[in-house]
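Start counting the sequence shown at 3; every next residue gets the next number (our numbering).
Have a look at the structure below before the remarks.
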Amino acid sequence: MTYHNGHPVRLIGGRLALDFLNTADWAADGAVVHEKIESFADLEVWLSAVGLPDARHPRSIKQLHQCRRDLRELFRTGTDLGATGLQAQLRAVNIVGAHSLDDLSRQPVLGLIAISALSVLSDGREHDRIKTCPGADCGWMFIDETKNGRRKWCQMEICGNRAKAARHYRRVSG
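Structure follows, in structure tokens:
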């Protein structure tokens, strides 16, 4: 499955909220290096990949990007939830009125993502295992679910191999 710009959809975060954060590549300073969700068509591709094809869209892609920025800041720094605007997304979800899993999957996507974020952040075991990939212009976040807690890269096949190749090149050429 790929976005309209040809980039593959990769779900490596381990939780919905983290996979949402990983719909952009991030510089070390927190700036978006490469945007994956550029349109509602891209959002639909991602929603299908995560199994929520019927989730309701936000008002605009700009709102989606702002929510993602706020959520990433929350995960990285522990910012006050009230300062992120996620409370409004949580209020938009009608869990009480949902009578089935299908009803839940038709809730606003940003609300479902906010619920996922709260679940991760409120569970100390998961929160302590959140890591950020150190790959150049990656910045993807994931839950390290390895037994020894030593996972370093979002994906070894991508960022890990690039780092190893760069290290080898420096060793051979220098």
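Here a beta-carbon is modelled for each residue, glycine too, at the ideal position from N, C-alpha and C.
DSSP places Thr-148 outside both helix and strand once states are collapsed to three, so it counts as coil.
Counting the other Cβ atoms within 10 Å of the Cβ of Asn-150 gives fewer than 16, which makes it exposed. Here Arg-71 carries a helix assignment [DSSP, helix/strand/coil].
Boundaries for Ala-26: no alpha helix (DSSP H) harbours it, while the beta strand (DSSP E) harbouring it runs 26 to 28, taken from the DSSP string. In this structure, the CA atom of Gln-68 is about 19 angstroms from the CA atom of Cys-140.
For His-36, the secondary structure class from DSSP, reduced to helix, strand or coil, is strand.
Per the coordinates, the alpha-carbon of Phe-22 lies some 30 angstroms from the alpha-carbon of Arg-169. A distance below 7 angstroms between beta-carbons, with the five flanking residues on each side excluded, links Lys-38 to the following residues of its chain, in chain order: Tyr-5, His-9, Thr-25, Ala-26 and Asp-44. Residue Arg-12 holds the alpha-carbon nearest to the alpha-carbon of Trp-48 among Arg-12, Asp-104, Ala-119 and Arg-70. In this structure Leu-54 does not touch Ile-145 by the C-beta definition: roughly 19 angstroms separates them, more than the 8 angstroms allowed.
The DSSP-derived three-state label of Lys-154 is coil. By the Cβ neighbour-count rule, Leu-103 is exposed, with fewer than 16 other Cβ atoms within 10 Å of its own.
Less than 8 angstroms separates the beta-carbon of Arg-108 from that of Asp-56.
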